[in-house]
Amino acid sequence: MNRLSVALLVTALCAVFAEPPAGKNWQLVFDDHFDYPDAQLDQNWIAQNGPNGHILCSRWRENARVDDGILKLINRKEQRGGQDWTSASLWTKRRFKYGYFECRYKYAAATGTNNSFWLTTMHTAGKLPEGNKHFEIDINEGHYPDEININIHNWSDFWTDDAGKRRHHAWPKRVCLTPASPKTGQAPWEIVLDVPLRASKVRFSSRHPDRFHLRTLRVFPKLAGGEYPAVTSNAPLPDGLVDYARAATITASSGSNPDYAQYRVEHVIDGGIGTSWITPYDGEKFIELDLGAEREVGCVQFLTGWRDGEQGYVFYVNSFRVELWVDGAWREVAAQEPTPYVPAIDLSAEFHTYAMEWNEKELIFFFDGKEIDRRENDICHWEAPVYLSLAIARFAGQVTDAIDGTIMAVDYVKVWQEKPGE
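Throughout the sequence shown, residue numbering follows mature numbering (1 follows the signal peptide of the UniProt record, and there is no 0), covering -18 to -1, 1 to 404 in sequence.
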């Protein structure tokens, strides 16, 4: 994850609009300020009308409205097309190859919304000439309140992973506009009891608002001397040390995540950290272990998150509760409450510009006129329409009823291209 500097953030807050970078002979070839009646929208744009398998909403023309010079893509909690939510997605009738693409818009003001400005050949180009590849360029898949997500997808080359899932190449970059702050919490936790307790059951729970990996839960007796094994170690336990969880029975849990059913709750007590349980998305996430008999418990360990190269463990939880069943009741032995997130900027509050220069050699991305990313262009060499899409998806954050009625508001879309040489 990348974070913009404070100086860039101040510039972003002050910027109203941007223009193409100087140094090229640009001409404006597409300019839509939505300054017309709603019915006129269909002259330049095509609307999706139907359900989706990869997100939680169907999308319809009725959810896109032009009102007082603003295009509004509207989220509604309503059942249509076999899905519980509706939203909107549009693309231009015209296609473009290379140029400078700019959109000024505000995010829908709720987590779980994907506010996107993008291009792709996937839905309109059909079979491409030899040597060309289907691609997708996400200039921004914006997530409330302060995230910009830039993605390039190769939709021509696929392979099957070890789990039998079809995969394609993608190059994502997430930019957070809130300056980095010291991390709260940690991935590995070791709770050593000053006074051991005799317990027959153990319960781990969390109110984390999204799914997460719980990699291991270990329960040890009191050690007379020495230290417990590191929580992040996959090494065999020292001779004589027993992990009561290894022989325990899982008597209750919040269940499997239907999208990640192979990450089963049983993995939590298999003794390793290479496997994990992925929890459900919503509600309390919990697991209860029956130790089979009353045991002297001196230490409980657990590990959440997943390891991301040099960054170490990421996406761990910072809220949890650990309880032991003692004398016929649950006794809390450790707990941590979540730390509220305070964003430095709310991208739903004001309009901002998101742009890209696309040429034969490079893809250069801008936020309010300031460059934030640059890539070599290896695959994007065919004409594509411009898309404006709003979606409801768990990968964009927690999905709640607060989404109902929220709007992605678009001020304008512009495309410049270089004038041909005279």
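Glycine is no exception: its CB is placed at the ideal position from the N, C-alpha and C atoms. These numbers come from a predicted model, not from an experiment.
Check, Outcome
"Just grab the DSSP bridge partners of Gly403 for me.", "The partner list for Gly403 (beta bridge, DSSP) is empty, contrary to what the question assumes."
"Rounded to whole angstroms, what is the Cα-Cα separation between Pro178 and Trp259?", "28 Å"
"What is the DSSP secondary structure of Gly207, reduced to helix, strand or coil?", "coil"
"Give the straight-line distance between the Cα atoms of Leu199 and Val250, rounded to the nearest whole angstrom.", "6 Å"
"List, from N- to C-terminal side, the beta strand (DSSP E) runs of 3 residues or more that fit wholly inside the segment 272 to 334.", "302 to 308 and 311 to 318"
"Could you say if the segment 195 to 215 and the segment 316 to 334 meet the contact criterion of at least three C-beta pairs nearer than 8 Å?", "no"
"Could you check whether the Cβ of Leu196 sits closer than 8 Å to any Cβ belonging to chain D?", "No chain D appears in the structure shown, which is made up of a single protein chain."
"Could you please give me the residues that DSSP links to Glu129 through a beta bridge?", "His125 and Cys158"
"Would you be able to state if there are at least three C-beta pairs under 8 Å between the segment 338 to 351 and the segment 120 to 132?", "yes"
"Once DSSP output is grouped into helix, strand and coil, what is the label at Glu84?", "strand"
"At the level of alpha carbons, what is the spacing between Ala(-12) and Asp290?", "Because the pLDDT at Ala(-12) is just 36, under 50, the model does not fix this residue reliably, and the point stays unresolved."
"Hey, how far is the Cα of Thr55 from the Cα of Ala229?", "The question names Thr, but residue 55 is Leu in the sequence shown. If I take the Cα positions, the gap works out to 53 Å."
"Throw me the rounded Cβ distance for the Arg277 and Asn239 pair, which I believe falls under 8 Å.", "In fact, because the Cβ distance is near 30 Å, the residues do not count as touching under 8 Å."
"Report the three-state DSSP secondary structure of Glu44 (helix, strand or coil).", "helix"
"I need the straight-line Cα distance from Gly94 to Asn131, nearest angstrom please.", "14 Å"
"Tell me, please, which residues DSSP counts as bridged to Val397.", "Phe12 and Phe83"
"Can you look up Pro178 in the DSSP assignment and give me helix, strand or coil?", "strand"
"Which first and last residues belong to the beta strand (DSSP E) in which Lys343 is found?", "That residue, Lys343, is in no beta strand (DSSP E); it is neither H nor E in DSSP."
"Let me check understanding here. Comparing Cα to Cα, which of Gly64, Asp17 and Phe78 lies closest to Val48?", "Asp17"
"Quick one: is Ala(-7) buried, meaning 16 or more other Cβ sit within 10 Å of its Cβ, or exposed?", "Here Ala(-7) scores only 45 on pLDDT, less than 50, and its place in the model should not be relied on; the value that follows carries that caveat. Buried, by the Cβ-count rule."
"If contacts are defined as beta-carbon pairs under 8 Å, then Thr388 and Asn57 qualify, I think. What distance do you get, rounded to the angstrom?", "5 Å"
"Please tell me whether Lys115 and Ser98 are closer than 8 Å, where the distance is taken between their beta carbons.", "no"
"Spatial neighbours of residue 405 within its chain, please: C-beta separation below 8 Å, excluding the five flanking residues on both sides.", "Limits of the chain in this structure are -18 at one end and 404 at the other, which puts residue 405 out of reach."
"With a cut-off of 8 Å on the beta carbons, I'd call Ser182 and Leu273 a contact; round off their distance for me.", "6 Å"
"Using only CA atoms, which one of Gly403, His135 and Leu205 lies nearest to residue 405?", "It is not possible to answer for residue 405, since the shown part of the chain is limited to -18 through 404."
"Cβ atoms of His135 and Ala378: under 8 Å apart, would you say?", "no"
"In angstroms, rounded to a whole number, what distance separates the CA positions of Val157 and Ala391?", "21 Å"
"List the residues that DSSP assigns as beta-bridge partners of Asp355.", "Phe347"
"Under a three-way DSSP split, which group does Ala373 fall into?", "strand"
"Distance, Cα to Cα, Phe108 vs Ala21?", "For the sequence presented, residue 108 should be read as Gly rather than Phe. Whole-angstrom Cα-Cα distance: 29 Å."
"Identify whether Glu365 lies in helix, strand or coil by the three-state DSSP scheme.", "coil"
"Provide the residue(s) that pair with Trp153 in DSSP beta bridges, ordered along the chain.", "Ile134"
"When the Cα atoms are used, what is the spatial distance from Pro262 to Val381?", "13 Å"
"Using CA coordinates, which residue listed in His195, Gly207 and Asp225 is at the minimum distance from Val201?", "Asp225"
"What's the gap between the Cα of Met104 and the Cα of Leu110?", "10 Å"
"Under 8 Å between the Cβ atoms of Leu101 and Val368?", "yes"
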